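Undergrad: Going down the list, the sequences are from chains L and V.
Be aware that the first sequence starts at 855, since it is given in the working numbering, and climbs by one per residue.
Be aware that the second sequence starts at 1075, since it is given in the working numbering, and climbs by one per residue.
Don't be surprised by glycine CBs; every beta carbon is placed ideally from N, CA and C.
A quick note: this is a predicted structure, and the numbers were derived from the prediction, not measured.
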Amino acid sequence: MSPRPGFVLDVDRSTPPTLFWHGERFRLERLPEGSRVIYAPEPVEALSDPSTAIRHALLHPLGDKDPLPALLRPGMRLTIAFDDISLPLPPMERPDIRQLVIEQVLDLAAAAGVDDVELIVALALHRRMTEAELRHALGDRIYDAFAPNGLLSQHDAEDADALTYIGQTDHGEDVEINRRAAESDLLVYVNINLVAMDGGHKSVATGLSSYRSLRHHHNPETMQKSRSFMDQHRSELHTSNWRMGRLIAESGIDIFQIETNLNTDTFPSQFAFLQKREWEWSARDRFSFLGVSKVLDRTPSKVARNIFHTVKAPHRMTAVQAGEVEAVHAVTTQNVWDQQGVVVEGQTDILTMGLPYISPYNVNSILNPILVACLGLGYFFNLYRNKPLVREGGVLIMSHPTAWEFNPVHHPSYIDFFEQVLSETTDPGELSKHYEEAYATDPWYVHLYRTGHAYHGVHPFYMWYWCAHALQHLGAVIVVGGDPAAVRRLGFRPASTMADALELAKDVVGPSPTLTHLHAPPILMADVQ
Amino acid sequence: MKALVFERNLPRFAASRVASIFGSGRGAGIGPLQLLDADPPDLPGAHWHRLDPLLSGICGSDLATLDGRSSRYFEDIVSFPFVPGHEVVGVLPDGGTARDGSVLAPGSRAVLEPVLGCAPRAIEPHCPACAAGATNDCANLAFGALAPGLQTGFCTDTGGGWSTAGLVAHASQLTAVPDDFSDEAAVIVEPAACGVHAALAGGITPGDTVAVLGAGTLGLATVAALHHLVRPTSPCTVVVGARYPHQRQLAERLGADTVVPPAQLARAVRHATGSLVVAGRLAGGADVVFDCVGSAESLTQALAMVRPRGRVVLVGMPGKVSVDLAPLWHREIALVGAYTYGVEHHGAHGDRAAHGDTDDGRRTFDLALDLVRDADLGSLVSATYPLDRYEEAIAHAGSAGRRGAVKVAFDLRNRKGRTR
């Protein structure tokens, strides 16, 4: 039986309460009659034999590209770069897709007599992965074969000696990427595609680049012109990355892109109710929900967080394609939309969403207030094509505890950004102009990024820039159940209950507003007609 | 006429100390301080004048004394019983002469420079410090014609500001109050002078990053002095750690570049200076740190955020504290005190408060008068109380920050107590 597509429910008197994520907890909210709830499509069927599919993709590349074995020869320099800890979400059960793909690439390289092989984590300005995280992504066999010999490295965007300047695009954008990748005879990039903006030229042009390059598209102007990030035809972020990617290709760097799609099978069986529509919950689902909720409600946040971060997603690969970057990505993007797309008629006055405990930037960490903003306004708000789900001047209501809490190891510059920068201004343009450079070049942040497990000093700015389009578009942002002080620091309005939030929203959008709830995760993309 | 009299009474002293565990100033009613009938003190000699207080502030050092927390170091340079109150603006019922020799008509207002140096003590010749105008460093605080006492307000012979009976002041202690000054502005001149002296003791050079720990009266006065007196010749970045919202607002108004809660100060300094961090302390740090609190915690914090060979200026009055001085030794940090006021030479970069110099310096009090006017420091007076409500007044002063206040003062103008 084929999976059911996404669904837009019209709430009526018989509709059961709607489940909202609330960080490490859940809330059940009874939405007003006439509201809409958008549900993700059911997970599409996974590949029955991923290994065979991977091998097939490597031997039958898309676009103007030879099969991978034909690109491999003795004496060549081969570099395999791969996506970092930010993908997928939550981290997937073993074996990770990266392991499955890279094992096959290595098998082919060995068969071709390639000795000079290095692996690079394409982390851009993200934090370095821990050994445990690398072992999870690559498997112990690969890790043990490469890491002890220094052949597994994490891209260092602050190591000038390890960067190569490629040149400038016709828009004046500097392109600088990892030297080893640039000087290799072949660069194989292994991607996991969770949302439509992942992959493509962004893999190398962003993942292996430096602040010098990133600042050209990770800025408020680009973000405000990306409507949305998920719609590559209307995304300035996408366009800039494509210009850079094409320059990289023109410079002679040979890239063999491998992209994979995942289904939306996001949560393990004990959380099966999260994958279902509330009115279809079985007795077992209700029992699970009650049990999990009660336990979480009585569990300290830190413990609950740790519990959730042990959750591994049962994601399954639905497609794998390899070859020339743009040809590959066109297929990948279509697959994403086939899995995640939901047609929605018209915009809404109020968009509600429950934010979970995890975003791309807090795996095994804390979803601090800046990441809360980024997850809601940067990611969930942008899960659309054509038009935003909420009308211009409308209200976004997010449910999340939004604790004034940071992980000092992972997010040191976030703390200063939150305490010093956001206390001065929340305007993306203003804070970019006055503070970005200092944070980006701060030697302490650079030190922590290079030697610890810290996100780069400029990273909180980027998180705030992700919000720029939403901040420009929305009339107000309300956070239900958040720490009022932290919420206000973000420039948002706190509300203790959903009812209070709706009353506050009416002050902005008027009485009798329309309301739409984005029931995610699992992730969905709204195709707003 | 009444005066608040502080007597040497060990049981009451102990009771006060116990009560202060529950908050500074809580032991005023059971401590050594009592409201008694009092007569005006006798004039000790020539060049002495009667001064009837109009307003008299409650200082951190007063609170430390009342709480039994002040150092035993002071025992031999105070004399009992004494009437506290050294932040005083008063009126001269019989007129007098001011420090600069000008004649003050009867009814004139004057602010008191309370330090009791060689001149009030009729000691000739003056000690080298007093001869240079640095009366705060007088070597004769326990000698001469007066009983021991480092300041008016701690000397049994002079009386103090917390009194309707008045006090006596030597001409060298009097500065005329400009007509455009309110009483509130005038009473803040003394703590403002402390801030001026501290700011100029920092030895700040152009481009320095300066941290100020604490934003009570002294901290705010220091910030204002940095802005108005230091920055014109030595532009510097001023980062302030202030605990309460109103303190943060005032610090910003008075010229701080960055104001953060105290727990965030080290991070703010680190960010401003681009320092690295080693074991919780800054590898680099601020060029100068003003500790306007004076506790073990604040001093430890100051040592952790000042750069090697930097300077920590101790502005708040400390007691006996336990501090790890390893960083001071290892990083060659200069720890200097900044006590009250004297003569300042601040025209050139790097000048220090002039101790022993006699060139073109200005009295700190004169600089403070300008500062109070320029920075509107009179607005720091948050509440005034009549003398008979001294317990409330002292409790208010002891919890000033928490209660949104800065300076609490006694109002001796025979008006009903008020708060604002």
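Quick check on this structure: which residue in V/Ala1353, V/Ile1407, V/Ser1349 and V/Val1333 has the alpha carbon closest to the alpha carbon of V/Leu1377?
TA: Your numbering for residue 1377 of chain V matches position 303 in the second sequence. For the residues V/Ala1353, V/Ile1407, V/Ser1349 and V/Val1333, the minimum Cα distance to V/Leu1377 belongs to V/Ile1407.
Undergrad: Measuring alpha carbon to alpha carbon, tell me which residue in L/Ser868, L/Gly860, L/Trp875 and L/Asp866 is nearest L/Ser1213.
TA: Locating residue 1213 of chain L in the first sequence gives position 359, where the first residue counts as 1. Taking only the C-alpha atoms, the option nearest L/Ser1213 is L/Trp875.
Undergrad: Threshold first: 4 residues or longer. Then list the alpha helix (DSSP H) segments lying entirely within the region 1237-1319 of chain V, N to C.
TA: 1257-1261, 1263-1275 and 1291-1299
Undergrad: If you follow the beta strand (DSSP E) that L/Ala1173 is part of, which residue opens it and which one closes it?
TA: As a working note, residue 1173 of chain L is residue 319 in the first sequence. Start and end: Met1171 to Gly1177.
Undergrad: Counting Cβ pairs closer than 8 Å, one from the region 1245-1263 of chain L and one from the region 1323-1339 of chain L, do we hit at least three?
TA: yes
Undergrad: When you compare the CB positions of V/Glu1187 and V/Arg1173, do they come within less than 8 Å of one another, or not?
TA: Here residue 1187 of chain V is taken as the residue at index 113 of the second sequence, counted from 1. Here residue 1173 of chain V is taken as the residue at index 99 of the second sequence, counted from 1. Cβ atoms of V/Glu1187 and V/Arg1173: closer than 8 Å.
Undergrad: Taking just the CA atoms, how far does L/Arg1347 sit from L/Val1334?
TA: Reading the first sequence from its first residue, position 480 is the one you call residue 1334 of chain L. Reading the first sequence from its first residue, position 493 is the one you call residue 1347 of chain L. Rounded to the nearest angstrom, the two C-alpha atoms are 9 Å apart.
Undergrad: Would you give the residue range spanned by the alpha helix (DSSP H) that L/Thr1202 belongs to?
TA: Locating residue 1202 of chain L in the first sequence gives position 348, where the first residue counts as 1. Taken as a continuous stretch (DSSP letters only), L/Thr1202 belongs to no alpha helix (DSSP H), being part of the beta strand (DSSP E) at Thr1202 to Gly1208.
Undergrad: Taking the beta carbon of V/Gln1323 as the centre, do at least 16 other beta carbons fall within 10 Å, making it buried, or is it exposed?
TA: Numbered from 1 along the second sequence, position 249 holds the residue referred to as residue 1323 of chain V. Classification for V/Gln1323: exposed.
Undergrad: What does the Cβ neighbour count give for L/Lys919, buried or exposed, with the cut at 16 atoms within 10 Å?
TA: Working through the first sequence from its first residue, we reach residue 919 of chain L at position 65. The residue in question, L/Lys919, is buried, as its Cβ has 16 or more Cβ neighbours within 10 Å.
Undergrad: Identify the continuous beta strand (DSSP E) that holds L/Gly1145 and give its terminal residues.
TA: The residue given as residue 1145 of chain L occupies position 291 in the first sequence. Per DSSP, L/Gly1145 lies in no beta strand (DSSP E); the unbroken alpha helix (DSSP H) holding it starts and ends at Ala1137 to Asp1151.
Undergrad: Step through the CB atoms of chain V and report whether any lies within less than 8 Å of the CB of L/His1301.
TA: Residue numbering aside, residue 1301 of chain L sits at position 447 when the first sequence is read from its first letter. Chain V, which has a Cβ nearer than 8 Å to the Cβ of L/His1301, makes this yes.
Undergrad: How many whole angstroms separate the CB atoms of L/Gly1061 and L/Ala978, which I take to be in contact at a CB cut-off of 8 Å?
TA: As a first step, residue 1061 of chain L is located in the first sequence; it is residue number 207 there, counting from the start. As a first step, residue 978 of chain L is located in the first sequence; it is residue number 124 there, counting from the start. L/Ala978 and L/Gly1061 do touch by the CB rule: their CB atoms are close to 5 Å apart, below 8 Å.
Undergrad: Rounded to whole angstroms, what is the Cα-Cα separation between L/Thr869 and L/Ser1155?
TA: On the first sequence, residue 869 of chain L is found 15 positions in, with the first residue counted as 1. On the first sequence, residue 1155 of chain L is found 301 positions in, with the first residue counted as 1. The alpha-carbon atoms of L/Thr869 and L/Ser1155 are separated by roughly 30 Å.
Undergrad: Could you tell me which of L/Asp937, L/Ile974, L/Lys1241 and L/His1070 sits nearest to L/Asp1085, measuring between CA atoms?
TA: To locate residue 1085 of chain L, count along the first sequence from 1; it is residue 231. The residue with the shortest Cα to Cα distance from L/Asp1085 is L/Lys1241.
Undergrad: Flag this pair as touching only if the region 1148-1165 of chain V and the region 1219-1231 of chain V have three or more C-beta atom pairs under 8 Å; answer yes or no.
TA: yes
Undergrad: Under 7 Å: does the beta carbon of V/Gln1338 sit that close to some heavy atom of the ligand SAM?
TA: Only the bare structure without any ligand can be found here, which leaves the ligand SAM out of the picture.
Undergrad: Looking only at its chain, what residues have a beta carbon closer than 8 Å to the beta carbon of V/Asp1150, apart from the 5 residues adjacent to it on each side?
TA: Along the second sequence, read from residue 1 onward, the residue named residue 1150 of chain V stands at position 76. For V/Asp1150, where only same-chain residues beyond five positions count, the Cβ hits under 8 Å are Ala1216 and Pro1222.
Undergrad: Any idea what DSSP makes of V/Asp1425, helix, strand or coil?
TA: Looking up residue 1425 of chain V in the second sequence gives position 351. For V/Asp1425, the pLDDT reaches just 43, beneath the cut-off of 50, and the residue's location in the model is therefore unreliable, although a value from the coordinates is still provided. V/Asp1425: coil per DSSP, three-state reduction.
Undergrad: At the level of alpha carbons, what is the spacing between L/Met946 and V/Val1314?
TA: Sequence index remark: in the first sequence, residue 946 of chain L carries index 92 (1-based). Sequence index remark: in the second sequence, residue 1314 of chain V carries index 240 (1-based). Between L/Met946 and V/Val1314, the C-alpha separation is close to 47 Å.
Undergrad: Could you confirm whether any beta carbon from chain V is found closer than 8 Å to the beta carbon of L/Glu1113?
TA: What you label residue 1113 of chain L is simply residue 259 of the first sequence in a count that begins at 1. False, the Cβ-Cβ gap to chain V never drops below 8 Å.
Undergrad: Counting Cβ pairs, one atom from each stretch, are 3 or more of them under 8 Å apart for the region 1298-1308 of chain V and the region 1382-1393 of chain V?
TA: no
Undergrad: In terms of residues, what are the limits of the beta strand (DSSP E) holding L/Val971?
TA: Residue numbering aside, residue 971 of chain L sits at position 117 when the first sequence is read from its first letter. Element bounds for L/Val971: Asp970 to Ala976.
Undergrad: Check whether the Cβ of V/Ser1349 lies closer than 8 Å to any Cβ atom in chain L.
TA: Translated into positions along the second sequence, residue 1349 of chain V becomes position 275. So, interface residue.
Undergrad: Give the single residue among L/Asp969, L/Leu988, L/Ala963 and L/Ala966 whose Cα lies nearest to the Cα of L/Val975.
TA: Here residue 975 of chain L refers to the residue found at position 121 when the first sequence is read from its first residue. The residue among L/Asp969, L/Leu988, L/Ala963 and L/Ala966 with its C-alpha nearest the C-alpha of L/Val975 is L/Leu988.
Undergrad: Flag this pair as yes or no: are the beta carbons of L/Glu972 and L/Ile996 separated by less than 8 Å?
TA: To locate residue 972 of chain L, count along the first sequence from 1; it is residue 118. To locate residue 996 of chain L, count along the first sequence from 1; it is residue 142. Against a cut-off of 8 Å, the Cβ pair of L/Ile996 and L/Glu972 comes out as no contact.
Undergrad: Using CA coordinates, which residue listed in V/Leu1178, V/Asp1282, V/Ala1208 and V/His1123 is at the minimum distance from V/Gly1384?
TA: As a position in the second sequence, residue 1384 of chain V is number 310, starting the count at 1. In terms of CA proximity to V/Gly1384, V/Asp1282 leads the group V/Leu1178, V/Asp1282, V/Ala1208 and V/His1123.
Undergrad: Considering Cα atoms alone, identify which of L/Pro1297, L/Tyr1316, L/Gly1021 and L/Leu962 is closest to L/Gly1280.
TA: As a first step, residue 1280 of chain L must be located in the first sequence, where it is residue number 426. First, the residue type needs correcting, since residue 1280 of chain L is Thr and not Gly in the sequence shown. Measuring from the Cα of L/Thr1280, the nearest candidate turns out to be L/Tyr1316.
Undergrad: So, with DSSP's three-state summary, where would you put L/Thr1370?
TA: The residue you call residue 1370 of chain L lines up with position 516 of the first sequence. Looking at L/Thr1370 - three-state DSSP - the assignment turns out to be strand.
Undergrad: When Cβ atoms are compared, which residues of the region 1190-1205 of chain V fall closer than 8 Å to chain L?
TA: none
Undergrad: Using the DSSP secondary-structure output, state which residues sit across from L/Asp864 in a beta bridge.
TA: Along the first sequence, read from residue 1 onward, the residue named residue 864 of chain L stands at position 10. Note: L/Asp864 sits in a beta bridge opposite L/Arg890.
Undergrad: Looking at chain V, which residues of the region 925-955 of chain L have a Cβ within less than 7 Å of any of its Cβ atoms?
TA: Residues are counted here when their Cβ sits less than 7 Å from a Cβ of chain V; for the region 925-955 of chain L the count is zero.
Undergrad: In the structure shown, what three-state DSSP assignment does V/Phe1484 receive?
TA: Indexing the second sequence from 1 puts residue 1484 of chain V at position 410. In the three-state reduction of the DSSP assignment, V/Phe1484 falls in the strand class.
Undergrad: In the structure shown, what three-state DSSP assignment does L/Glu1113 receive?
TA: Translated into the one-based positions of the first sequence, residue 1113 of chain L becomes position 259. Strand.
Undergrad: Just verifying my parser: in three-state terms, what is the DSSP assignment at V/Lys1394?
TA: Walking along the second sequence from the start, residue 1394 of chain V turns up at place 320. The answer is coil: DSSP assigns V/Lys1394 none of H, G, I, E or B.
Undergrad: Taking contact to mean at least 3 C-beta pairs separated by less than 8 Å, is the region 1317-1324 of chain L in contact with the region 1074-1082 of chain L?
TA: Three or more Cβ pairs closer than 8 Å define a contact, and the region 1317-1324 of chain L meets that threshold against the region 1074-1082 of chain L.
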